Amino acid sequence: MPFTADCGLNWVIIVVVPEADFMEHIQANTRTTILLCFGALIIATVIGVITSHWITEPILCLSVASKEIANGKLNQTVTVEGINELRVLAQAHNQMATQLQESFAEILEANRQLEAEINERKQAEEQLRHNAFHDALTGLPNRAFFIERLKNTLQRAKQQENYLFAVLFLDLDRFKVINDSLGHLKGDQFLIAIANRLEVCVRSTDTAARLGGDEFTILLDEIQSLSDAIKVAERIQQELTLPLELDGQEVFTTASIGIALSSTVDYDQAENLLRDADTAMYRAKVLGKARYEVFNPGMYTNALVRLQLENDLRRAIERHEFQLYYQPIVSITNGRILGFEALLRWQHPERGLICPTDFIPLAEETGLIVKIGYWALHEACRQMQNWRLSDRINSLEKISVNLSVKQFSQPDLIEQIGEILHSTGLDAGSLMLEITESAILENGDEANAALSELRKMGIELSIDDFGTGYSSLGRLHNFPISVLKIDRSFVSPIDGNGKNLEIIETIITLAHKLGMDVTAEGVETKEQLAFLRNLNCECGQGYFFSRPLDNAAAVELILKNPQW
11 MPFTADCGLN WVIIVVVPEA DFMEHIQANT RTTILLCFGA LIIATVIGVI TSHWITEPIL
71 CLSVASKEIA NGKLNQTVTV EGINELRVLA QAHNQMATQL QESFAEILEA NRQLEAEINE
131 RKQAEEQLRH NAFHDALTGL PNRAFFIERL KNTLQRAKQQ ENYLFAVLFL DLDRFKVIND
191 SLGHLKGDQF LIAIANRLEV CVRSTDTAAR LGGDEFTILL DEIQSLSDAI KVAERIQQEL
251 TLPLELDGQE VFTTASIGIA LSSTVDYDQA ENLLRDADTA MYRAKVLGKA RYEVFNPGMY
311 TNALVRLQLE NDLRRAIERH EFQLYYQPIV SITNGRILGF EALLRWQHPE RGLICPTDFI
371 PLAEETGLIV KIGYWALHEA CRQMQNWRLS DRINSLEKIS VNLSVKQFSQ PDLIEQIGEI
431 LHSTGLDAGS LMLEITESAI LENGDEANAA LSELRKMGIE LSIDDFGTGY SSLGRLHNFP
491 ISVLKIDRSF VSPIDGNGKN LEIIETIITL AHKLGMDVTA EGVETKEQLA FLRNLNCECG
551 QGYFFSRPLD NAAAVELILK NPQW
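Here the numbering used here is used: the first residue of the sequence shown is 11, the next is one more, and so on.
Laid out in structure tokens, this is it:
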């Protein structure tokens, strides 16, 4: 190593160390260093492994828990000890898992509620759809359903050759009586029972529907011929002959049925087919009810005539087209005229004189009979009072007037009759009201109360057409009736019919025992008069004495003072 002394001389100092001594120390230091490094490495490795496990295990747990949450297992919480950051991360993970559970539970609950609401809405829609196309009372399809089914069937018939179907229109004949007498609740039970019976009478492929009230329709799908529809109508009639029991009370009914066949007319609209079945049903009612009729095009023409007749009937009173004709009621004892029965006639401006049988049923159906009936009663009382005030024809005792079923059931009947008597001045004792037995029996207690009031007024009461309503004198005896009129169907054949002779004799005998007088209708021969006289029948009425007469002819007959 170079060295410079203070005197300026350059020196070189050489130190000699033995290599062995030098290397021994170096090697010792090297070994020590290597051992220390190896030890440090082992310690570092151990520390690294421990540290890695300490750090990665919570992370691995968090990773596994996160994967489980991703798979839908939300109840995954992790507990971490040690590193604060990992504890914070674990707490955040646990909070997230808890919130996810709560959110998912809320979603599940909301989904459950949504499904429930959807199901309820579907059920409500189905119920609304069912209600829209079904009758609420009977559960049968309603008019809308029936028309839709009929349209589809009509379309099918147009596409398939020789495809035949029929529509039956059914109307119960006595439903109003049942409903009014037993109450609306029993009436509803009755309709439900009828609906059940109708379903028994048809096939599963057919459609029975309720249009409303007591009207039902049946669609007979794919039948072979008209006879198939007739068989169903007859089956329904047979089924309805069986009594219905409503809370222990037996109820009987019949139905008028109209049948319209798809091949009768080239139908384009379902409503026209239903209309024609309805027309045929009305024809069945006109012909006596409790029967069926098959539609033919002539019925439609008759329906148009009937519609025009109804329109004319509504204006007949205003136009003063009604007239009263008078048929004498004769005392069989002395052969003298006791009074007259007032009979309604319609002098149509175009069709001439129309008999009651041609318009009274229509007036009954439309309700016009009430107004017409009161007009007839007022006119009869007015005419009778005029006769009573006349010096020449004041010997008449009674004027007899028919009360219709609808008129008799009016709540203001007593007041109306009282007003008519007051306005015409006729004494109540000069008026006799004729009422059919069916009108009395169908109204029951109400009829008895009304009849009692009329009797208190002094009006005499008569049962008209006795024998046609299948009632008994025993039942009629409970009502304040003073005169019994035997129907002409019993009187006309007595000339040569021993059975009718016995029937009339029995009726007269029983009526007398019950304190009633008897008037025989339809007396047409001297022999009939003699027979009735022998049975002590009080009065007679019929063509043998006189046809119904207008006012002038009736006065002329009275003035002649005939005696039979």
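Positions of the beta carbon are idealized from the N, C-alpha and C atoms, including for glycine.
Here the structure is a predicted model, which means the values were calculated and not measured.
Practice prompt. Put Trp574 into one of helix, strand or coil per three-state DSSP.
Written response: Coil at Trp574, not helix or strand.
I need the DSSP call for Ala147, collapsed to helix, strand or coil.
Residue 147 is actually Leu in this sequence, not Ala. Leu147: coil per DSSP, three-state reduction.
### Query
Would you call Ser36 buried or exposed, if buried means 16 or more other Cβ atoms sit within 10 Å of its Cβ?
First, the amino acid is wrong: residue 36 is Ile here, not Ser. Per the 10 Å Cβ criterion, exposed.
message: As a quick exercise: from Thr529, Arg398 and Phe332, pick the residue whose alpha carbon is nearest that of Lys381.
response: Ranking the options by Cα distance to Lys381, first place goes to Phe332.
- prompt: Helix or strand or just coil, what does DSSP make of Tyr480?
  reply: A caution first: Tyr480 carries a pLDDT of 48, below 50, which makes its placement in the model unreliable, though a value can still be read off. In the structure shown, Tyr480 sits in coil (DSSP, three-state: anything other than H, G, I, E or B).
Report task. Consult DSSP for Glu463 and reduce its assignment to one of helix, strand or coil. Result -> In the three-state scheme derived from DSSP, where H, G and I count as helix and E and B as strand, Glu463 is classed as helix.
Report task. Within the same chain, show all residues whose beta-carbon is closer than 8 Å to that of Leu511, passing over the 5 residues directly before and after it, in chain order. Result -> Excluding residues within five positions, the ones whose Cβ falls inside 8 Å are Ile504 and Phe541.
Check whether Lys408 and Met442 have beta carbons under 8 Å apart:
Cβ distance < 8 Å, so Lys408 and Met442 count as in contact.
How far does the alpha helix (DSSP H) with Asn282 in it reach, from first residue to last?
-> Ala280 to Val296 is the extent of the alpha helix (DSSP H) around Asn282.
Query raised in the report: Which two residues bound the contiguous beta strand (DSSP E) that contains Lys408?
Result: In the DSSP annotation of this structure, the continuous segment of the beta strand (DSSP E) that includes Lys408 starts and ends at Lys408 to Asn412.
Might you give, ordered along the chain, the residues of its own chain that have their beta carbon closer than 6 Å to the beta carbon of Trp397, omitting 5 neighbours on each side?
For Trp397, where only same-chain residues beyond five positions count, the Cβ hits under 6 Å are Ile403 and Leu406.
*asked:* To the nearest angstrom, how far is the alpha carbon of Val565 from that of Leu317?
replied: Between Val565 and Leu317, the C-alpha separation is close to 37 Å.
Consult DSSP for Gln170 and reduce its assignment to one of helix, strand or coil. Correct three-state label for Gln170: coil.
_Range covered by the alpha helix (DSSP H) that runs through Asp190_ = Segment Phe185 to Leu192, the alpha helix (DSSP H) holding Asp190.
| request: Go ahead and label Glu136 buried or exposed: buried means 16 or more other beta carbons lie within 10 angstroms of its beta carbon, across all protein chains shown. | output: Label assigned to Glu136: exposed.
For Tyr480, count the other beta carbons within 10 Å of its own beta carbon; 16 or more makes it buried, fewer makes it exposed. Which is it?
Note that Tyr480 has pLDDT 48, beneath the 50 cutoff, so the model's placement of it is unreliable and no number is given.
Q. Since Ile496 contacts Ala530 with CB under 8 Å, what's their CB separation in whole angstroms?
A. Sure, about 5 Å apart at Cβ, within 8 Å.
Original post:
Should Glu328 go down as buried or exposed, given a rule of 16 or more other Cβ atoms within 10 Å for buried?
Top reply: Label assigned to Glu328: exposed.
Option nearest Asp257 by Cα separation, candidates Ile240, Ala203 and Gln248: Asp257 has its Cα closest to that of Ala203, out of Ile240, Ala203 and Gln248.
Does the Cβ-Cβ distance between Ala265 and Ala290 come in under 8 Å? Pairing Ala265 with Ala290 gives a Cβ-Cβ distance that is not under 8 Å.
- Query: Among the residues of its own chain, which have a CB less than 7 Å from the CB of Asn152, if the five just before and after it don't count?
  - Reply: The answer, listed in chain order, is Phe143, His144, Asp145, Ala219 and Arg220.
Minimum C-alpha distance to Ile445 - residue among Glu463, Ile57 and Leu494 | Check the Cα spacing between Ile445 and each of Glu463, Ile57 and Leu494: the tightest is with Leu494.
(message) Do Leu461 and Pro490 have their beta-carbon atoms positioned less than 8 Å apart in this structure?
(response) Contact flag set, yes.
Reference Gly525, options Ile246, Leu471, Leu283 and Ala562, closest by Cα:
Of the listed residues, the one whose Cα sits closest to Gly525 is Leu471.
Exercise for the section: Measure the alpha-carbon distance for Tyr292 versus Ser433 and round it to whole angstroms. Expected result: Rounded to whole angstroms, the separation of the alpha carbons of Ser433 and Tyr292 is 39 Å.
CB of Ser502 within 8 Å of CB of Gly532, strictly: Taking 8 Å as the Cβ cut-off, Ser502 and Gly532 qualify as a contacting pair.
When DSSP labels each residue in this structure, what does Cys549 get in the three-state scheme?
Strand, per DSSP.
**Prompt:** Should the segment 185-201 be regarded as contacting the segment 244-262, the criterion being three or more beta carbon pairs within less than 8 Å?
**Reply:** Touching, yes, given that three or more Cβ pairs across the two stretches are closer than 8 Å.
| query | Can you pull the DSSP bridge partners for Thr227? | reply | Thr227 pairs with Phe179 and Ala219.
Would you check if there are 3 or more beta carbon pairs closer than 8 Å linking the segment 238-253 to the segment 156-164? Judged by Cβ distances under 8 Å, the segment 238-253 makes no contact with the segment 156-164, as fewer than three pairs qualify.
For Glu515, which residues in the same chain have their Cβ closer than 6 Å to its Cβ, ignoring the five residues on either side in sequence? These residues qualify, in order along the chain: Leu545.
Note to self: Between which two residues does the beta strand (DSSP E) holding Ala270 run?
What the structure shows: Residues Ala265 to Leu271.
Express the C-alpha separation of Arg285 and Lys570 in angstroms, rounding to a whole number. Those two C-alpha atoms are separated by around 55 Å.
Compute the distance between the beta-carbons of Leu174 and Ser273, then report whether it is under 8 Å.
In this structure, the beta-carbon distance from Leu174 to Ser273 falls below 8 Å.
| request: Indicate whether Cys549 and Ile339 have their beta-carbon atoms separated by less than 8 Å. | output: For Cys549 and Ile339, yes; Cβs fall inside 8 Å.
query = Taking buried to mean at least 16 other C-beta atoms within 10 Å of its own C-beta, is Phe48 buried or exposed?
reply = Counting C-beta atoms within 10 angstroms of its own C-beta, Phe48 has fewer than 16 neighbours from the protein chains shown and is therefore classed as exposed.
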